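I have placed the structure first, in the form of structure tokens, so that the comments after it can refer back to it.
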Amino acid sequence: MSDVAIQHGAAAAYEPSLFGTYSKKVGMWLFLLSDSLTFGALLYAYSYGRISTPNWPTPFHSGSIINATVMTAFLLTSSLTMVLAVRASSFGDSKGVRGWLLATMICGTAFVVLHGREWGNLIAEGLTLPVFPTVPGHEAAKEFVDVSKTVPQFPSTFFGLTGMHMLHVTLGVIYLGVVAFRKKFIPVMFVLWVVAWLATPSYSPFHYGAHVILVAAIVCSVILWLKPKVYDSSDVEVAGLYWHFVDLVWMFIFPLVYLMSTRIL
Amino acid sequence: MDAVQLEIAQHVAEEQRHHGKAQFFWVWGVLLIITAIEVFLGYQNMEPKKMLTLLMGLSIIKAAMIIAYFMHMKFEAKTMKWITMTALVFCLAMMMVFFPDAFRILYLGVR
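Residue numbers (our numbering), protein chains in the order written: chain G, 1 to 265; chain Y, 266 to 376.
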């Protein structure tokens, strides 16, 4: 009886929220603030290295810059489709939400694929870290080998920063997939993991990167098993905040890492 | 979600219904144009410090547009705007304390 009394007209029984919004959104903002400090530290570390190293390499030819510009366009477009998904969810248009979320996921996946392919090319050409497997039967370019030897902080900061971002984009795509398709998305993740693992050579970034999908699939399975629910407009909005943050961070990585290291002929 | 949170979420969704689609397309277009300007600047022969200032200035404008429109911060309550954004700017600005050290290494000499 008392429960019913509290539920009925509950909003009037409490003070209004200090932030004028629901707690889930405040929670996501708090997470994003902490994550922005993580990326902030990485970006500052990269800038520190850039300033304090007189012979900082400029290895990015026009091919890399065009690739990174297309990646940027994909991320910006994904933010547009995401905001349209949030708008559709406010109207209760579940078909529209699913469609726009799928469009966002496609743009995000295109970003990851282009980025992973670029990583593979750079590693094959000699811009690498000791942790990466060597690419058999591929002649390393002298300029990249020199960069890895003379300025080792360049590949370390480059792969560290862009790898951290790529991880966030991959997890973002999975997050949106779970919000859009719930448990139907779990088998898709397992299939993607198997395909990425079996269809790529062992030295490909997609081969070892695919394990992120496996871990995420297990975690998502546990979450959906413990708390199965239909995601509403607030969940779509909160997922959107995360996605836009990932886009926002790239707006700093792109000029700092790529444009500041452009090879001008 | 409990009744109070649900009521607030419904109120937020109600507010979002009034945001026209057009503004999001405008923001997207402006972001793409700024990106094109950045790529153009990347190919100009200028000293790194000047280029860094220009590129970071444009990136801050892009970030502000994403936060304001795509993340709806422009439409949030004043307390939300001020507390989150002040904390973010303050913490990131505090990290700048390391930069003089980077310049010190560059111009390192014996006294």
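Using N, Cα and C, we set each Cβ at its ideal position, and we do this for glycine too. The structure displayed is predicted, hence computed values, not measured ones.
Residue i: contacting residues in chain Y (beta-carbon distance under 9 Å)
| i | result |
| --- | --- |
| Thr200/G | Result: empty, since nearest Cβ-Cβ is about 30 Å, beyond 9 Å. |
| Ile65/G | Val304, Gly307 and Tyr308 |
| Gln231/G | Per the sequence shown, the amino acid found at residue 231/G is Tyr instead of Gln. In chain order: nothing, as chain Y lies at least about 11 Å away. |
| Ser36/G | Leu353, Cys356 and Leu357 |
| Thr104/G | The contacting residues do not exist; Thr104/G stays about 12 Å from chain Y at best. |
| Leu226/G | Under the 9 Å cutoff, chain Y gives no residues; its nearest Cβ is about 16 Å from Leu226/G. |
| Ala101/G | Note that residue 101/G corresponds to Leu in the displayed sequence, not to Ala. By Cβ distance, chain Y contributes nothing, its closest Cβ being about 15 Å from Leu101/G, past 9 Å. |
Contacts that residue i makes with chain G (C-beta to C-beta distance below 9 Å)
| i | result |
| --- | --- |
| Pro313/Y | Arg50, Ile51, Trp56 and Met260 |
| Trp293/Y | Leu76, Thr77, Ser79, Leu80 and Val83 |
Under the three-state DSSP convention, the category residue i falls into
| i | result |
| --- | --- |
| Phe74/G | helix |
| Gly137/G | coil |
| Lys315/Y | helix |
| Gln275/Y | helix |
| Ala210/G | coil |
| Pro130/G | coil |
| Ala124/G | helix |
| Lys227/G | coil |
| Tyr160/G | One point to set straight first is that residue 160/G is Gly, not Tyr, in the sequence displayed. The answer is helix: DSSP assigns Gly160/G an H, G or I state. |
| Leu18/G | coil |
| Ile6/G | At Ile6/G the pLDDT is 46, less than 50, meaning the model places this residue with poor confidence; the figure from the coordinates comes in the next sentence. Here Ile6/G sits in helix by DSSP. |
| Glu237/G | helix |
| Asn278/G | Given that chain G is displayed from residue 1 to residue 265, the structure contains no residue 278/G and the question cannot be resolved. |
| Met1/G | Residue placement at Met1/G cannot be trusted, given a pLDDT of 41 that sits under 50; what the coordinates show is reported in the next sentence. Met1/G: coil per DSSP, three-state reduction. |
| Arg87/G | helix |
| Ser202/G | coil |
| Asp267/Y | coil |
| Leu102/G | helix |
| Val219/G | helix |
| Thr81/G | helix |
| Pro54/G | coil |
| Gln377/Y | No answer is possible for residue 377/Y: the residues shown for chain Y start at 266 and end at 376. |
| Gln288/Y | helix |
| Met330/Y | helix |
| Pro255/G | helix |
| His337/Y | coil |
| Asp146/G | helix |
| Val151/G | coil |
| Ala301/Y | helix |
| Gly92/G | coil |
Beta-carbon neighbours of residue i, restricted to chain G and to distances below 8 Å
| i | result |
| --- | --- |
| Phe355/Y | By Cβ distance, chain G contributes nothing, its closest Cβ being about 11 Å from Phe355/Y, past 8 Å. |
| Lys286/Y | Leu84 and Arg87 |
Per DSSP, the bridge partner or partners of residue i
| i | result |
| --- | --- |
| Thr262/G | Phe60/G |
Proximal chain Y residues relative to residue i, where beta-carbon distance stays under 8 Å
| i | result |
| --- | --- |
| Asp247/G | Ile331 and Phe335 |
| Tyr46/G | Correct list: empty, because the minimum Cβ distance to chain Y is about 11 Å. |
| Gly40/G | Cys356, Leu357 and Met360 |
| Trp266/G | Any answer about residue 266/G is impossible in this case: the structure gives chain G only from 1 up to 265. |
| Gly108/G | Simply none; closest approach about 15 Å. |
| Leu241/G | Met336 |
| Ser221/G | Those within 8 Å of Ser221/G in chain Y number zero; the least Cβ separation is about 23 Å. |
Within chain Y, the residues that residue i reaches when beta carbons sit closer than 7 Å
| i | result |
| --- | --- |
| His244/G | Ile331, Phe335 and Met336 |
| Ser17/G | Ile273 |
| Ser94/G | Result: empty, since nearest Cβ-Cβ is about 13 Å, beyond 7 Å. |
| Leu33/G | Thr349, Ala352 and Leu353 |
| Tyr203/G | Result: empty, since nearest Cβ-Cβ is about 30 Å, beyond 7 Å. |
Nearest-angstrom beta carbon gap, residue j and residue i [assumed within contact, 8 Å]
| i | j | result |
| --- | --- | --- |
| Val173/G | Thr109/G | 6 Å |
| Phe60/G | Ser261/G | 5 Å |
| Val70/G | Val236/G | Actually they are not in contact, since the Cβ atoms of Val70/G and Val236/G sit about 27 Å apart, beyond 8 Å. |
| Leu241/G | Ala328/Y | 14 Å between Cβ atoms; not a contact. |
| Leu33/G | Thr349/Y | 6 Å |
| Ala210/G | Trp197/G | 5 Å |
| Phe266/G | Leu161/G | One cannot answer for residue 266/G here, as it falls past the ends of chain G, which runs 1 to 265. |
| Leu266/G | Lys184/G | Residue 266/G cannot be examined here, being either before or after the span of chain G that is shown, 1 to 265. |
| Ser78/G | Thr53/G | Actually they are not in contact, since the Cβ atoms of Ser78/G and Thr53/G sit about 34 Å apart, beyond 8 Å. |
| Ala124/G | His138/G | 5 Å |
| Ala367/Y | Tyr48/G | 5 Å |
| Ala333/Y | Phe19/G | No, Ala333/Y and Phe19/G are not in contact; Cβ-Cβ is about 17 Å, not under 8 Å. |
| His165/G | Trp29/G | Actually they are not in contact, since the Cβ atoms of His165/G and Trp29/G sit about 20 Å apart, beyond 8 Å. |
| Pro255/G | Val151/G | The pair is not a contact, with the Cβ atoms about 20 Å apart (cut-off 8 Å). |
| Ser148/G | Thr134/G | Ser148/G to Thr134/G, Cβ: 12 Å. No contact. |
Listed by chain order, chain G residues near residue i by CB distance under 7 Å
| i | result |
| --- | --- |
| Lys327/Y | Met251 |
| Ile370/Y | Ser52 |
| Thr318/Y | Those within 7 Å of Thr318/Y in chain G number zero; the least Cβ separation is about 11 Å. |
Residues of the segment 125-148 of chain G in Cβ contact with chain Y at a cutoff of 8 Å, in chain order, please.
If the cut-off is 8 Å between Cβ atoms, the segment 125-148 of chain G has nothing near chain Y.
Please list, in chain order, the residues of the segment 71-89 of chain G that have any C-beta partner in chain Y closer than 8 Å.
Of all residues in the segment 71-89 of chain G, only Thr72, Ala73, Leu76, Thr77, Ser79, Leu80, Met82, Val83, Leu84, Val86, Arg87 and Ser89 place a beta-carbon less than 8 Å from a beta-carbon of chain Y.
Please identify, using Cβ separations under 9 Å, the residues of the segment 341-354 of chain Y that lie next to chain G, in order along the chain.
Listed in sequence order: Glu341, Ala342, Lys343, Thr344, Met345, Ile348, Thr349, Ala352 and Leu353.
At a CB distance below 8 Å, what residues from the segment 150-177 of chain G approach chain Y? Give them in sequence order.
Correct list: empty, as no residue qualifies.
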